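Scroll down for the structure; my scribbles are underneath it.
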Amino acid sequence: MTDTYHLCMATDLESYSGVGLDGHRRLQEMLFGALQAALRAALGPDLEDCKRQPQGDGELTVLPSHRSDGATLRVLLIELILQLARANDALLPDRRARVRIGLEGGHLGAAPGGHAGDPPIAAFRLCNAEPVKAALAASAGHYAVVASDYVYRNMIRPGFTGTGWKFRQIPVSVKEYSGIGWLHVPDETGEAGPLAPPPARPDAASSPRGVRSPQDGPPRLQEGGLV
Numbered sequence: 038m039t040d041t042y043h044l045c046m047a048t049d050l051e052s053y054s055g056v057g058l059d060g061h062r063r064l065q066e067m068l069f070g071a072l073q074a075a076l077r078a079a080l081g082p083d084l085e086d087c088k089r090q091p092q093g094d095g096e097l098t099v100l101p102s103h104r105s106d107g108a109t110l111r112v113l114l115i116e117l118i119l120q121l122a123r124a125n126d127a128l129l130p131d132r133r134a135r136v137r138i139g140l141e142g143g144h145l146g147a148a149p150g151g152h153a154g155d156p157p158i159a160a161f162r163l164c165n166a167e168p169v170k171a172a173l174a175a176s177a178g179h180y181a182v183v184a185s186d187y188v189y190r191n192m193i194r195p196g197f198t199g200t201g202w203k204f205r206q207i208p209v210s211v212k213e214y215s216g217i218g219w220l221h222v223p224d225e226t227g228e229a230g231p232l233a234p235p236p237a238r239p240d241a242a243s244s245p246r247g248v249r250s251p252q253d254g255p256p257r258l259q260e261g262g263l264v
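Residues 38 to 264 (this note's numbering) are what the sequence shown spells out, left to right.
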């Protein structure tokens with residue numbers, strides 16, 4: 038992997054620390070089984086090119102560069118939610134898997150620990166934002182999805198029509214990450230504020246210096262904030 042564009046998905050289980058050893062095993066089996074089934078449905082034979090880093094109470098999933106698109110994301114999310122619902126169906130509420138899902142895209146390079154780049158960090162920062170945690174805690178559903186502004190504008194907004202999913206804009210400030218997120222939980226309806234307009238696509242030659250076009254990918258994290 039040499040500095041190519043990838044979509045990153047962070048998943049994090051709610052209330053993982055308080056369920057004990059057996060609970061850890063059960064929740065891991067549910068989450069990782071649901072992820073495997075959803076990735077197989079979304080990627081087919083390209084599943085072998087997907088990079089996964091399980092982390093006990095969650096996972097970093099990095100989609101192949103050539104499958105980091107809105108159509109793949111739509112199948113992946115819908116199938117993941119369906120698989121989690123099936124796994125939860127026969128369980129009492131306090132035994133169900135409740136998951137926060139964070140999404141960011143950008144350029145990654147290879148590194149000894151797996152990946153080098155900002156998108157995996159940003160995906161987990163989105164996942165751990167207080168508005169996302171609060172929304173899932175208040176929800177009767179079993180998941181919350183939060184996308185970066187870039188992923189929302191370029192993948193979700195044009196690609197999720199007809200799903201009935203509604204997203205609302207939230208502020209996100211976690212450690213060095215500060216920006217806008219777009220949040221969906223299953224029992225929330227409507228948008229808080231206007232929908233973001235479709236991104237402009239100026240030619241590189243006509244773009245003012247310092248103005249980012251969609252082809253540049255999302256802004257990158259550096260010490261001191263987003264650039």
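Just so it is clear, CB atoms sit at the ideal spot from N, CA and C, and this is done for glycine as well.
From a predicted model like this one, the values you see are computed outputs, not experimental measurements.
task: May I ask which residues mark the beginning and end of the beta strand (DSSP E) holding Q90?
output: K88 to P91
field: Whole-number beta carbon distance between P130 and Y180, since they are thought to touch under 8 Å
entry: No, Y180 and P130 are not in contact; Cβ-Cβ is about 14 Å, not under 8 Å.
query: S210 by DSSP, collapsed to three states: which one?
result: strand
message: Since L34 and V136 should fall inside the 8 Å C-beta cutoff, what is the C-beta to C-beta distance between them, to a whole number of angstroms?
response: Outside the displayed span of the chain (38 to 264) sits residue 34, for which this structure offers no information.
query: Taking the continuous beta strand (DSSP E) assigned at E141, which residues delimit it?
result: V136 to A148
message: Only counting the same chain, and skipping five residues up and downstream in sequence, which positions put a Cβ closer than 7 Å to that of P134?
response: Inspection of the sequence shows that residue 134 is occupied by Ala rather than by Pro. These residues qualify, in order along the chain: L50, L64, M67, L68, L121, A124, N125 and H179.
- prompt: Do you know offhand how far A108's Cα is from C45's?
  reply: 15 Å
message: According to DSSP, is L1 part of a helix, a strand, or is it coil?
response: The question about residue 1 has no answer, for the chain in this structure spans 38 to 264.
message: Please report the straight-line C-alpha distance between V188 and E116, rounded to a whole angstrom.
response: 19 Å
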